[in-house]
Amino acid sequence: MMKAPELFDLSGKRALITGGTHGLGMAMAHALGSAGATLIINGHTPDKLEKAIATYKKEGFVTHGYLFDVTNEVNVMESVQRIEQEVGPIDILINNAGIIKRVPMLDMTVEDFRSVIEVDLVGPFIVSKHVGKYMVQRNAGKIINICSMMSELGRNTVSAYAAAKGGLKMLTKNMATELARFNIQVNGIGPGYFATEQTAPIRVDGHPFNDFIINRTPAGRWGVPDDLAGTTIFLASTASNFVNGQIIYVDGGILATLGKPVNEL
Ligand code: GCO
224 MMKAPELFDL SGKRALITGG THGLGMAMAH ALGSAGATLI INGHTPDKLE
274 KAIATYKKEG FVTHGYLFDV TNEVNVMESV QRIEQEVGPI DILINNAGII
324 KRVPMLDMTV EDFRSVIEVD LVGPFIVSKH VGKYMVQRNA GKIINICSMM
374 SELGRNTVSA YAAAKGGLKM LTKNMATELA RFNIQVNGIG PGYFATEQTA
424 PIRVDGHPFN DFIINRTPAG RWGVPDDLAG TTIFLASTAS NFVNGQIIYV
474 DGGILATLGK PVNEL
C-alpha cells in the first residue's frame with residue numbers, strides 16, 4: 224500500500240487551472256504546486272496573466288501561462304493542443320474560471336443571464352471536452368469542477384449563477400459517469416463563503432450581509448483561500464482514485480444547518 228505522503232504527492236504531474244490568475248484559482252494552484260505539480264495557468268487578460276505568472280515563478284513554482292477564452296471552443300481546442308505539445312500531458316484540470324452578476328431576477332437582462340451560464344457552465348464543458356479527449360487516450364486524469372453553495376441553494380440576485388453552478392454539479396456527475404471507465408475521476412469542490420475579490424462587495428465590515436454570513440456559518444467566519452488546499456490536493460491525487468462524481472463542500476458547515484436560531488430554543 225502507498226504510504227501517506229506519496230498518496231498525495233503530485234510531483235511530475237501537470238495541472239491546468241482556468242482563471243488561475245487570482246482568487247480561489249490562485250489558492251488552488253498554490254496548493255497543487257506545493258504538492259509538486261507543474262502549473263499551467265489560464266487567464267483571458269494578458270496583463271493579469273503576466274503578473275500572475277511572475278508571482279508564481281517568484282514563489283518558486285514551475286509555471287506556464289496560456290491566454291484563452293474558456294467559452295470559445297476553437298480557442299480552447301488550439302490552446303489545449305499547444306499545452307500538450309509544449310508543456311506535456313495535462314494530468315489535472317481545474318475548471319475554476321467563473322463570473323457572477325448580482326441582479327434581481329426580474330431586472331436581469333437575458334444577455335447578462337446568458338453570459339454567466341456561458342462562462343460558468345458552458346466553459347467547463349468545453350475545456351473538459353478537449354482536455355478529456357487526451358486523458359481518455361492515456362487512461363488517466365483528474366477533473367475538478369469548482370461549484371458553489373449556489374449548486375445547492377438559491378439566494379436573492381444570483382439566479383444565473385445558481386442556475387450555472389447547479390448545472391455544473393450535474394455536469395460533474397454526468398462527466399464522472401461517462402469518463403470513469405477511462406480511469407478519469409471527475410469531482411467538484413463547493414466552496415462556502417470565502418474572502419476573495421468576488422465577495423469583497425458583500426464582505427464589508429458592519430455590512431448586514433457580512434454579519435448574516437458569519438451568523439449563518441457554524442464555523443463563525445468566512446473561509447480563507449488556504450482552507451481549500453487539502454481538498455484540492457486530495458481530489459487531484461492518487462488518494463482519491465475511487466472517488467468519482469462527488470461534490471465536496473468546503474463551507475464551515477453552512478449546508479449542514481438551517482443557521483443559528485435567534486435564541487437558544
Ligand atoms: C453570493 C456569493 C456567492 C459566492 C460563492 C458562494 O452572492 O451569494 O457571492 O455566490 O460567490 O459562490 O459559494
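Mapping of the sequence shown onto the working numbering: residues 224 to 488, in sequence order.
In this text, a Cβ means the ideal position worked out from N, Cα and C, and glycines have one as well.
Between the alpha carbons of residue i and residue j, how many angstroms are there, rounded?
| i | j | result |
| --- | --- | --- |
| T268 | M224 | 44 angstroms |
| C370 | T286 | 25 angstroms |
| T454 | S302 | 27 angstroms |
| Q304 | P431 | 47 angstroms |
| G266 | I240 | 9 angstroms |
| G246 | M358 | 27 angstroms |
| D232 | K324 | 37 angstroms |
| I425 | N433 | 6 angstroms |
| L478 | N464 | 26 angstroms |
| A258 | A252 | 10 angstroms |
| E334 | G242 | 22 angstroms |
| Q360 | K483 | 50 angstroms |
| S374 | A383 | 11 angstroms |
| M393 | K281 | 38 angstroms |
Any chance the CB of residue i is under 8 angstroms from a heavy atom of ligand 1?
| i | result |
| --- | --- |
| K388 | yes |
| Q421 | yes |
| G415 | yes |
| I425 | yes |
| R325 | yes |
| V350 | no |
| I380 | The sequence given here places Thr at residue 380; Ile does not occur at that position. Yes, ligand 1 has a heavy atom inside 8 angstroms of this Cβ. |
| S338 | no |
| Y357 | no |
| M251 | no |
| M372 | yes |
Between which two residues does the beta strand (DSSP E) carrying residue i extend?
| i | result |
| --- | --- |
| P414 | 407-414 |
| V490 | There is no way to answer for residue 490, as the model of the chain reaches only from 224 to 488. |
| T286 | 286-290 |
Excluding five sequence neighbours on each side, which residues of the same chain lie with their C-beta closer than 6 angstroms to the C-beta of residue i?
| i | result |
| --- | --- |
| N368 | N318, P347, L391, T395, G411 |
| N499 | The structure shown does not extend to residue 499, since the chain spans only 224 to 488, so no value can be given for it. |
| L458 | I367, N410 |
| Q469 | N410 |
| Y416 | I436, W445 |
| M328 | S382 |
Could you spell out where the alpha helix (DSSP H) holding residue i opens and where it closes?
| i | result |
| --- | --- |
| H353 | 346-361 |
| N319 | It is not in any alpha helix (DSSP H) - N319 carries neither H nor E in the DSSP assignment. |
| L458 | 452-459 |
| L230 | 227-230 |
| T278 | 269-281 |
| M300 | 296-309 |
| S338 | 333-340 |
| P431 | 431-439 |
In its own chain, which residues sit with a C-beta less than 7 angstroms from the C-beta of residue i, not counting the 5 before and 5 after it?
| i | result |
| --- | --- |
| V299 | F291, V293, I349, V350, H353 |
| G476 | T440, P441, A442 |
Taking 8 angstroms as the limit between beta carbons, can you name the residues of its chain near residue i, skipping five residues before and five after?
| i | result |
| --- | --- |
| V310 | R237, T261, I263, H287 |
| V427 | N433 |
| E420 | H245, G246 |
Whole alpha helix (DSSP H) runs in the region 366-429 with 4 or more residues, listed along the chain?
For the region 366-429, whole alpha helix (DSSP H) runs of length 4 or above, ordered along the chain, are 382-402.
I'd like the ranges of any alpha helix (DSSP H) spanning at least 4 consecutive residues and lying wholly in the region 238-262.
Every unbroken stretch of the alpha helix (DSSP H) spanning 4 or more residues and falling wholly within the region 238-262 is given here in chain order: 246-257.
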